[in-house]
Amino acid sequence: MIERGIEKEVEVEYTRLRIHFGPVHPALKEPVSLRVFVKGEEVVDVDIVLGHVHRGIESLAEGRNLAQALYLVERICGICSHSHTTCFTQALEEISGIKPSERALYLRTLIFEMERIHSHLLLLGIMAYEVGFDTLFMFTWHVRERILDLFEKITGNRIHHAMNTIGGVRWDLTPEMVKELDACLGEIEKSIKYIHDAFMDKTVEKRTYGLGVLDHSRAIKLCVVGPTARGSGVNIDVRRDHPYAAYNDMKEVFSVILRKDGDVYARTEVRLLEILESINIIRMVLDRLPEGSIRPEENIFRLMRKIQEGEAVSLVEAPRGELLYFVKTDGKGGLRRLKVRTPTFSNLACLKHVLVGHEIADIPVIVASIDPCLSCTNRVTIINRENGELNVVGMDTLRRRVRKKWMQ
Amino acid sequence: MDAVVAFLISIPISPLLSLLFEGIDRKLHARMQKRIGPPVLQPFYDLIKLLGKERIIPATASTRIFEIMPMVSTASSLLGASILLSNILSNSNIVGDLILIIYLLAMSSIALIVGGSASGNPYSAIGFSRKISMMIAYEIPMLIAVISMAFGPSPSLAVSSIIEFQVSRGLPLVASRLSMALAAAAFLLCIPAAASVVPFDIPEAKTEIIYGFLIEYGGPYLALAKVSKSVLNFTLTLLASAIFLYIPSLLGEAALLNLGLSLFLCLIVSLLIMFITITVPRTVLARLKVGQALKFYWVLPLTLSFSSIILSAVNL
Amino acid sequence: MFRVISRGRIKSPWIFHLNTGSCNGCDIEVVAAFTPRYDLERFGCLLVGSPRHADVLLVTGPVTRQMLPRLIRVYEQIPEPKVVVAVGTCASSGSPFLGSEMIEGPADRIIPVDAYVVGCPPRPEAIVKGVVMAVMSKFR
Numbered sequence: 001m002i003e004r005g006i007e008k009e010v011e012v013e014y015t016r017l018r019i020h021f022g023p024v025h026p027a028l029k030e031p032v033s034l035r036v037f038v039k040g041e042e043v044v045d046v047d048i049v050l051g052h053v054h055r056g057i058e059s060l061a062e063g064r065n066l067a068q069a070l071y072l073v074e075r076i077c078g079i080c081s082h083s084h085t086t087c088f089t090q091a092l093e094e095i096s097g098i099k100p101s102e103r104a105l106y107l108r109t110l111i112f113e114m115e116r117i118h119s120h121l122l123l124l125g126i127m128a129y130e131v132g133f134d135t136l137f138m139f140t141w142h143v144r145e146r147i148l149d150l151f152e153k154i155t156g157n158r159i160h161h162a163m164n165t166i167g168g169v170r171w172d173l174t175p176e177m178v179k180e181l182d183a184c185l186g187e188i189e190k191s192i193k194y195i196h197d198a199f200m201d202k203t204v205e206k207r208t209y210g211l212g213v214l215d216h217s218r219a220i221k222l223c224v225v226g227p228t229a230r231g232s233g234v235n236i237d238v239r240r241d242h243p244y245a246a247y248n249d250m251k252e253v254f255s256v257i258l259r260k261d262g263d264v265y266a267r268t269e270v271r272l273l274e275i276l277e278s279i280n281i282i283r284m285v286l287d288r289l290p291e292g293s294i295r296p297e298e299n300i301f302r303l304m305r306k307i308q309e310g311e312a313v314s315l316v317e318a319p320r321g322e323l324l325y326f327v328k329t330d331g332k333g334g335l336r337r338l339k340v341r342t343p344t345f346s347n348l349a350c351l352k353h354v355l356v357g358h359e360i361a362d363i364p365v366i367v368a369s370i371d372p373c374l375s376c377t378n379r380v381t382i383i384n385r386e387n388g389e390l391n392v393v394g395m396d397t398l399r400r401r402v403r404k405k406w407m408q
Numbered sequence: 409m410d411a412v413v414a415f416l417i418s419i420p421i422s423p424l425l426s427l428l429f430e431g432i433d434r435k436l437h438a439r440m441q442k443r444i445g446p447p448v449l450q451p452f453y454d455l456i457k458l459l460g461k462e463r464i465i466p467a468t469a470s471t472r473i474f475e476i477m478p479m480v481s482t483a484s485s486l487l488g489a490s491i492l493l494s495n496i497l498s499n500s501n502i503v504g505d506l507i508l509i510i511y512l513l514a515m516s517s518i519a520l521i522v523g524g525s526a527s528g529n530p531y532s533a534i535g536f537s538r539k540i541s542m543m544i545a546y547e548i549p550m551l552i553a554v555i556s557m558a559f560g561p562s563p564s565l566a567v568s569s570i571i572e573f574q575v576s577r578g579l580p581l582v583a584s585r586l587s588m589a590l591a592a593a594a595f596l597l598c599i600p601a602a603a604s605v606v607p608f609d610i611p612e613a614k615t616e617i618i619y620g621f622l623i624e625y626g627g628p629y630l631a632l633a634k635v636s637k638s639v640l641n642f643t644l645t646l647l648a649s650a651i652f653l654y655i656p657s658l659l660g661e662a663a664l665l666n667l668g669l670s671l672f673l674c675l676i677v678s679l680l681i682m683f684i685t686i687t688v689p690r691t692v693l694a695r696l697k698v699g700q701a702l703k704f705y706w707v708l709p710l711t712l713s714f715s716s717i718i719l720s721a722v723n724l
Numbered sequence: 725m726f727r728v729i730s731r732g733r734i735k736s737p738w739i740f741h742l743n744t745g746s747c748n749g750c751d752i753e754v755v756a757a758f759t760p761r762y763d764l765e766r767f768g769c770l771l772v773g774s775p776r777h778a779d780v781l782l783v784t785g786p787v788t789r790q791m792l793p794r795l796i797r798v799y800e801q802i803p804e805p806k807v808v809v810a811v812g813t814c815a816s817s818g819s820p821f822l823g824s825e826m827i828e829g830p831a832d833r834i835i836p837v838d839a840y841v842v843g844c845p846p847r848p849e850a851i852v853k854g855v856v857m858a859v860m861s862k863f864r
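Chains as they are written, first to last, in the working numbering: chain A, 1 to 408; chain B, 409 to 724; chain C, 725 to 864.
Shown next, in the form of structure tokens:
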């Protein structure tokens, strides 16, 4: 008789299933990988894996001159491109002391708010798409086309506006454009009210109310920014707290929208109402638009070479939240160091917290509700060139390496 | 018309009609979204293209089941459609064919999810479990609504005798009794879930689980799955129009003599039913979650169909 | 018979969109091409979520190192016959990001590309035209 050994105990967790949500997934137009552990339909744990859109922009920018870097930082993100260039040029202007004219600042504000409208409309459409409401998605994007038309009229491009230059803006506003802008704003205002009603629809309500709750204290602890924070009742807005461009004159025309609930619907509603605030700001900009030149006479390359060595930190309120640039110039028209901290980078941290305990069906809705812009975010992973392996470098090593580089 | 001839004719006609219906549905959907939309013949183009594509069977799949199940699914839904169509065409009396049709339709859905989940993809496993819970939600009220026929004014479960009864009354069944109106309402409410369109397209939600059980099917298999689904939708709407809303009955006895005309009227009614139960919900509603759908179906349609049985027991 | 099949193929190109590290600009425009003003669906196009269902692969972005294996895998998952369209300057030439260590692209270094739609980002009309022309020339 053959003696049998001890029977091998095989432990299989039948109930726990690991799902790779992304990087290629129709719900997300950008690659992010969420490793989701589910029990039945319930999410038990989430791992966020980033780095699929890592293009090495910061190191690329360090090898280029300032005029080239201006166009490179615009390509960090296609949705909030104007925020990136504004932030970058503001830092450069602070280093060099070049003061843009009032008109240029007003025009920057104008494009900024138009971009906020376009970005928020885009997100509202995506939200509708995630909950399976295709018609609302189509309608929202149809409204968005109007704003894109205006972008095209003013700056010549639909997505990457290339509006900013060192010390001013590149394109001026003509009286016809003002008229058209005014007409378009009225239309958008009407459509926003319609979209707001559509989001109150019973089935949408069922998919968004009470989902992905991020309470006030947790929101502060996780350092979320922008509409995500304002949806949880955190009262922050760079436009009011640290006014830049022409926002100092706009203080009385816009209010910071706050919601207490912190769920998906609150975040969506904050965005909806912010569009109306942006419309107010644009109206005020058109009303008060001062006369004057829009940019310095000098060629950008000459200006660029004049910028002395120095460093500056600049902040703007991008559509998704606070965007921070740290710029260190080398005094020869180049960059020594560029550091970008994008709003999504702060917001992604809360994802793990808000997803756990919900159903699989809620994942895309909740992920979309924080409006992730991953192409902004991915500048962290470090790749070993010899063997091509990925290793996420710890904070200490990173600090040491940075210090070493700066010493040189 | 002879029953056998009618059956043989309906086998090729039913997929053609159902693809045409699907094309009309897509066009209407697009028009309601301010779009031009695909041509009405689009489902035929899709079908031709998919049939001519490469067959890929994933390495993780159990090949046999993965290959066979789309065929089983298409065959059973086609069989259901042709039995129904030939019954309307020929007035041949098959006892209990209503149950057979409902069974074949359920069979076709089940075959598809079994085949899909044999692919070994986790998303299709989720789609499988979701579809099963959806079937528990909608099959019960649907079946009860159909069975209430047996207690109804024409105690029969044969399509042709129900049609004959409606013709003899000169009224569609919905209008004849309150209980039948309730049963019809329950049946119509179950169509969107059985067709899995947007508020209830939970098992194949594109943005959540990437078509669920269809995720690994491509090429000819996907073509079969598509045909099976569109025939299923067609059969459901035609069934509703034949047993509850047989409009040709308004013509009186002429309806039984002029079968071509009555089939045409029947198809138009089923097109209308498709517009109301499939196109409109998928245009104006957002997707629900499994729990919410279950709750919906076990509250409203189930109450409707039970009260229909109770009412018909007291001859209302 | 052959003509029927090729007509079917031309009339129903289903699109799978893969972002390989793009800045979102092209991705938005790809999605915008399906919205009411441009409506790619009138040519029978559908934006599908699974590469198994697709005929046309739209590649946007300058293929980052992490997305490289995924690009190859998605390309292989699409059943034959298939068309690849590189959308945007990044995917066509890698332009703004050329010189970065993290970029493996442009797309045609990795997979065969049938059509290039340049622009940063290209307008939805251009994407519509690119898809339609690529399909017409490949499947005829």
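A virtual CB, placed ideally from N, CA and C, is assigned to each residue, including glycine. For clarity, every value in this text was computed on a predicted model and none was experimentally measured.
Against chain C, the CB of alanine 469 of chain B has no partner CB under 9 Å away; the residue lies outside that interface. When the beta-carbon positions are compared, glutamate 274 of chain A and histidine 120 of chain A come within less than 9 Å of each other. When C-beta distances to chain A are compared with 9 Å, the residues of the segment 742 to 760 of chain C below that value are Leu742, Asn743, Thr744, Gly745, Ser746, Cys747, Asn748, Gly749, Cys750, Asp751, Ile752, Glu753, Val754, Val755, Ala756, Phe758, Thr759 and Pro760, in chain order.
The beta carbons of valine 855 of chain C and phenylalanine 767 of chain C sit closer together than 9 Å. Rounded to the nearest angstrom, the gap between the Cα atoms of leucine 586 of chain B and leucine 50 of chain A is 60 Å. Taking a C-beta distance under 9 Å as the contact criterion, valine 131 of chain A and arginine 207 of chain A qualify as a contact pair. By the C-beta criterion, the segment 698 to 718 of chain B is judged to be in contact with the segment 596 to 615 of chain B, since at least 3 inter-stretch pairs fall below 8 Å.
Residues of the segment 804 to 820 of chain C with a C-beta less than 8 Å from any C-beta of chain B: Glu804 and Pro805, listed in chain order. Just so you know, the alpha carbons of serine 293 of chain A and lysine 99 of chain A end up roughly 12 Å apart.
Listed in chain order, the positions of the segment 682 to 695 of chain B with a beta carbon within less than 7 Å of a beta carbon of chain A are Thr691, Val692, Leu693, Ala694 and Arg695. Neighbourhood of alanine 613 of chain B in chain A, by CB distance below 8 Å: Gly132 and Ala361, in chain order. The residue among A/His242, A/His52, A/Gly168 and A/Ile111 with its C-alpha nearest the C-alpha of isoleucine 300 of chain A is A/Gly168. In this structure, arginine 103 of chain A sits away from glutamate 322 of chain A, with a CB-CB distance that is not shorter than 9 Å.
With a cutoff of 9 Å on beta-carbon distance, lysine 539 of chain B and serine 517 of chain B are scored as near each other. When 8 Å is used as the limit between beta carbons, arginine 731 of chain C is near no residue of chain A, the shortest such separation being about 28 Å.
One thing to note: leucine 679 of chain B has its Cβ within 9 Å of the Cβ of phenylalanine 429 of chain B.
Taking a C-beta cut-off of 8 Å against chain C, the contacting residues of the segment 46 to 67 of chain A are Gly51, His52, Val53, His54, Arg55, Gly56, Ile57, Ser59, Leu60 and Gly63, listed in chain order. The segment 545 to 553 of chain B makes no contact with the segment 44 to 61 of chain A: fewer than 3 CB pairs, one atom from each, lie closer than 8 Å. Contact annotation for lysine 853 of chain C against chain B: no contact, minimum CB-CB distance about 16 Å [criterion: below 8 Å]. Taking the Cα of glycine 233 of chain A as reference, the smallest distance to any Cα among A/Tyr209, A/Phe139, A/Arg259 and A/Val313 is reached at A/Arg259. Cβ proximity to chain C below 8 Å picks out Lys614, Thr615, Ile618, Tyr619, Leu622, Ile623, Glu624, Tyr625, Gly626, Gly627 and Leu630 from the segment 605 to 634 of chain B. Judged by DSSP in its simplified three-state form, histidine 118 of chain A adopts helix. By the CB criterion at 9 Å, isoleucine 76 of chain A and valine 340 of chain A fall inside the cutoff.
Annotation for tryptophan 706 of chain B: the continuous alpha helix (DSSP H) segment containing it runs 698 to 721.
At a cut-off of 9 Å between C-beta atoms, lysine 697 of chain B counts as an interface residue with respect to chain A. According to DSSP, residue pairing for arginine 341 of chain A in a beta bridge involves A/Leu324.
Within chain B, the C-beta atoms nearer than 9 Å to that of aspartate 201 of chain A come from Val692, Leu693 and Ala694, in chain order. Here leucine 185 of chain A is buried. Its C-beta has 16 or more other C-beta atoms within 10 Å.
Under the three-pair Cβ rule at 8 Å, the segment 788 to 795 of chain C counts as touching the segment 829 to 848 of chain C.
Nearest to tryptophan 738 of chain C by C-alpha distance, out of C/Val728, C/Val772 and C/Ile827, is C/Val772.
Residues of chain B whose Cβ lies closer than 9 Å to the Cβ of arginine 766 of chain C are, in chain order, Ala438, Arg443, Ile444, Gly445, Pro446 and Pro447. Close partners of glutamine 700 of chain B in chain A (Cβ separation under 7 Å): Lys206.
Assignment of histidine 741 of chain C by DSSP, reduced to helix, strand and coil, places it in the strand class. With a threshold of 9 Å between beta carbons, isoleucine 540 of chain B makes no contact with chain A. Under the Cβ criterion (8 Å, minimum of three pairs), the segment 156 to 170 of chain A does not count as touching the segment 188 to 204 of chain A. Nearest Cα to glutamine 308 of chain A within the set A/Asp330, A/Tyr325, A/Leu324 and A/Asp287: A/Asp330.
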